[in-house]
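For the sequence shown, the numbering used here gives the first residue as -16, with consecutive numbering after it.
Beta carbons: idealized from backbone N, C-alpha and C, even for Gly.
Below is one structure, written out as structure tokens, with a few remarks after it.
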Amino acid sequence: MPHSFTTTAVKSITTLSLMLLACASANAMGLMMEQSTPQCGAASPAQVVLPAQAAKRLPDSQVVRGKNDIAWAWLGTPTMRYPHKALGATTHAGSLHVLLNASAGKFQEVIHELPFNRVFEDRLPRLIDLDGDGRDEIILIESDALRGSATVVYGMQSVITTKGVDKKFSLVELARSPQTGSTFRWLNPVGVADFDGDGKLDLASVITPHIGGLLTLYRYSPPKLEQFAQAMDTSNHRMGDLEQQVAVIVEQKGVRPTIIVPDMQLKALHALRWEAPGQWKELADVKPLPATVNRITPLPNAGCVLLTDATWWRVWLTN
């Protein structure tokens, strides 16, 4: 009987220990995931009427609606002068177009054309007020025939004309990252957040996501985007795919933003945070996914992952 009691007690203690360990692991800082419904239950974006001026935009590109001085932005002037198929086609944009909010509900179109040796190897103008002045900046991928790609920031510039009454607007380059170095070496932006905790917005991109992707952070310091951090084994794009949203930034109160981004094979997720005194912290790697990542959509404090097997997964941070 004593022997039987002792064995039972040991088993009970072992079981309790495993339960406590499981609870501790579940509550530890890291990345969690669960299978979910389509779009993780989020409503589809409302359909909007696009401006007539955008009818001749680059095929398969997005027209983006702004919230500040820029009402709409899109890419135009389709050209085949840079025949790289990172996004599935050799046609890219030779110009950036914006509609500015004007008086009496009217719009003013402003166009910026690139020189012959460059294109916008992109399908999505990203509008964000980077410096907090109430005006939008535009983040784009620009590719050079010899020097490869760079993350570039554009903004509006105005000049007073006609006796100080009228304003003439133009799109100007505000800042750019270093080029990737050679022809057909591409990059894909992740997003914007205060990654280093200095109160200013920074930019994140993955350099060469198809051949040794480097998650790279930049400080917005016009006329430059100054690199201050890189992490290896990351990718936010599948070669030849139009989908460019394959990573999300999760912001939580009291901690720096975390980037959820796939590994190079797009078969697992990194949760990376840049922390003081200046180093990456890997919160966790999830278990291998059942299929490769197709898209990651941002949710409040989380992300919604669509895999190539058509399953949906909600991912979130435990701390």
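Of all the options the options, which has the alpha carbon lying nearest to the alpha carbon of residue i?
i      : options                           : result
Val288 : Pro66, Pro161, Ala230 and Gly164  : Ala230
Gln36  : Arg101, Gln140 and Leu58          : Leu58
Gly49  : Asn277, Lys264 and Gly117         : Gly117
Thr20  : Tyr65, Thr294, Leu300 and Leu113  : Thr294
Lys207 : Ser218, Gly196, Asp185 and Ile194 : Asp185
Glu234 : Pro98, Leu255 and Met222          : Leu255
Asp246 : Thr280, Thr217 and Ala187         : Thr217
Ala85  : Leu225, Ala214, Ile121 and Asp52  : Asp52
Asn100 : Thr62, Arg109 and Pro240          : Thr62
Ala158 : Tyr203, Ile194 and Ser44          : Tyr203
Glu125 : Asp181, Val142, Gly164 and Gln18  : Gly164
Ala38  : Ser27, Ala56 and Ala29            : Ala56
Asp112 : Asp177, Pro66, Tyr65 and Ile279   : Asp177
Tyr137 : Asp127, Asp181, Val244 and Ser160 : Ser160
Ala128 : Leu14, Pro98 and Val47            : Pro98
Ile82  : His75, Ile121 and Val142          : The sequence given here has Leu at residue 82, not Ile. Ranking the options by Cα distance to Leu82, first place goes to Ile121.
Trp299 : Pro240, Leu249 and Glu258         : Pro240
Thr166 : Ala187, Tyr65, Ser44 and Glu156   : Tyr65
Gly182 : His75, Val238 and Asp224          : Val238
Met222 : Ala187, Gln248 and Ala76          : Gln248
Ile194 : Ala187, Ala212, Asn171 and Pro205 : Asn171
When you compare the CB positions of residue i and residue j, do they come within less than 9 Å of one another, or not?
i      : j      : result
Val189 : His220 : yes
Glu304 : Ser78  : In the structure displayed, the chain extends from -16 to 302; residue 304 sits before or after that span and is not available.
Ala25  : Leu282 : yes
Asp179 : Gly261 : yes
Leu123 : Met139 : no
Arg267 : Cys23  : With the sequence shown as reference, residue 267 is identified as Ala, and Arg is not the correct amino acid for it. Their beta carbons are not under 9 Å apart, which means Ala267 does not touch Cys23 by this criterion.
Leu110 : Asp119 : yes
Met16  : Trp296 : yes
Val244 : Leu198 : yes
Trp169 : His253 : no
Glu209 : Arg278 : no
Pro34  : Val46  : yes
Ile242 : Val173 : yes
Leu14  : Thr301 : yes
Bridge partners of residue i, per DSSP?
i      : result
Gly174 : Ala187
Val155 : Gly138
Gln36  : Beta-bridge pairing links Gln36 to no other residue.
Ala133 : Glu125
Arg168 : DSSP output for Arg168 lists no bridge partner at all.
Cys287 : Thr280 and Arg297
Ala267 : Ala254
Leu14  : Leu300
Gln262 : Glu258
Ser27  : In the DSSP output, where bridge partners are listed per residue, Ser27 has none listed.
Ser19  : Trp295
Exercise for the section: Could you tell me which uninterrupted beta strand (DSSP E) segments, each at least 3 residues in length, are contained entirely in the region 233 to 258, listed from first to last along the chain? Expected result: 241 to 245 and 252 to 258, all fully within the region 233 to 258.
Practice task
Evaluate contact between the region 290 to 302 and the region 262 to 280, counting only Cβ atoms and requiring at least three cross-stretch pairs below 8 Å.
Solution key: Taking a contact to require three or more Cβ pairs closer than 8 Å, the region 290 to 302 and the region 262 to 280 qualify as touching.
Practice task
Could you pull out every unbroken beta strand (DSSP E) segment of at least 3 residues lying fully inside the region 47 to 117, listed in chain order?
Solution key: Scanning the region 47 to 117 for uninterrupted beta strand (DSSP E) segments of 3 residues or longer gives 53 to 62, 75 to 84, 90 to 96, 101 to 103 and 109 to 111, listed from N- to C-terminal end.
Exercise for the section: Starting from the N-terminal side, write out each stretch of the beta strand (DSSP E) that is 3 residues or longer and does not extend beyond the region 193 to 240. Expected result: List check, beta strand (DSSP E) in window: 197 to 204, 207 to 214 and 231 to 233.
Exercise for the section: Taking 8 Å as the threshold, find out whether the region 87 to 97 comes into contact with the region 65 to 75 through three or more Cβ pairs. Expected result: Three or more Cβ pairs closer than 8 Å define a contact, and the region 87 to 97 falls short of that threshold against the region 65 to 75.
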